[in-house]
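Below: the structure, in structure tokens.
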Amino acid sequence: MLVLVAAMLAVLLPACSRSPSPPESTATSSTPAAPVTPGVNATDRAFASALLAQRPSVEQMIALARGNSGNPRLIALADALERSEQQQSDTVNALLVQWTDGQEGGQGPPPPGPTLFDKGAVERLGSLSGPEFDTLWLQAMLNHHQAVMIMASSEIREGEDVNAKTLAQAIISTRQEETGHMQQLLGGG
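The sequence shown maps to residues -17 to -1, 1 to 172 in mature numbering (1 follows the signal peptide of the UniProt record, and there is no 0).
Below, the structure written as structure tokens:
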């Protein structure tokens, strides 16, 4: 089982750290008690749970971008974010399987947790389109990325699992590059 997880991490972690090519022209959640695994602490488990819990909100934001933005560069960024989120989730699920030694509980729906997006802003986005939508969407995604980078930094400082810490570093690198692209789009670049 450990060999399978190591192989998945070897494939997925480099992909997580790849940022989307530039377009052309702290949340916490409660988790059920988990078995004690050597080298894995509560911070590692909370980090993994929070990453999975925020994914549906990110998927909602990506769908809004595809439906409400007329900017091909923003839509390309949303597509790249979707790939990044999928790779991240695959890696987290592999870690959960490793931590449970392949037992039930390593996969399945994430525990409910708070969203990293302001509910009012998300509702408002649904009624907007064009440049006004693009600006609010980019601001919301920038706030989300900042929150995820804070979570990842906490994992690096306080987590024990080497693979979770490696994932956290990859997330920070990827989100920093994505943040740069978002700031360029906000600046009209």
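Using N, Cα and C, we set each Cβ at its ideal position, and we do this for glycine too. Keep in mind it's a predicted model, so treat the numbers as computed, not measured.
Just mark residue i as buried or exposed, buried being the case when its beta carbon has 16 or more other beta carbons within 10 Å.
i	result
Val145	exposed
Lys102	exposed
Ala31	buried
Ala63	buried
Asp84	exposed
Ala25	exposed
Ile133	exposed
Val(-7)	Residue placement at Val(-7) cannot be trusted, given a pLDDT of 41 that sits under 50; what the coordinates show is reported in the next sentence. By the 10 Å Cβ count, Val(-7) comes out exposed.
Which value, in whole angstroms, describes the spacing of the CA atoms of residue i and residue j?
i	j	result
Gln71	Ala33	12 Å
Gln159	Leu47	22 Å
Ser156	Ser112	30 Å
Glu106	Ala123	12 Å
Asp27	Gly142	5 Å
Ala135	Gln37	13 Å
His128	Leu168	15 Å
Asp117	Leu57	7 Å
Ala59	Gln152	24 Å
Pro114	Val41	20 Å
Gly22	Trp82	9 Å
Thr162	Leu150	18 Å
Ser110	Leu121	15 Å
Leu125	Leu119	10 Å
Ala29	Leu35	10 Å
Ser67	Ala104	23 Å
Thr74	Glu65	14 Å
Ala61	Gly170	17 Å
State the CB to CB distance for the pair residue i and residue j, rounded to an integer number of angstroms; the pair is presumed to be in contact (CB under 8 Å).
i	j	result
Glu138	Ala147	6 Å
Met44	Phe100	7 Å
Would you check if there are 3 or more beta carbon pairs closer than 8 Å linking the region 39 to 59 to the region 72 to 85? Using a C-beta cut-off of 8 Å, the region 39 to 59 makes no contact with the region 72 to 85, since fewer than three inter-stretch Cβ pairs fall below that distance.
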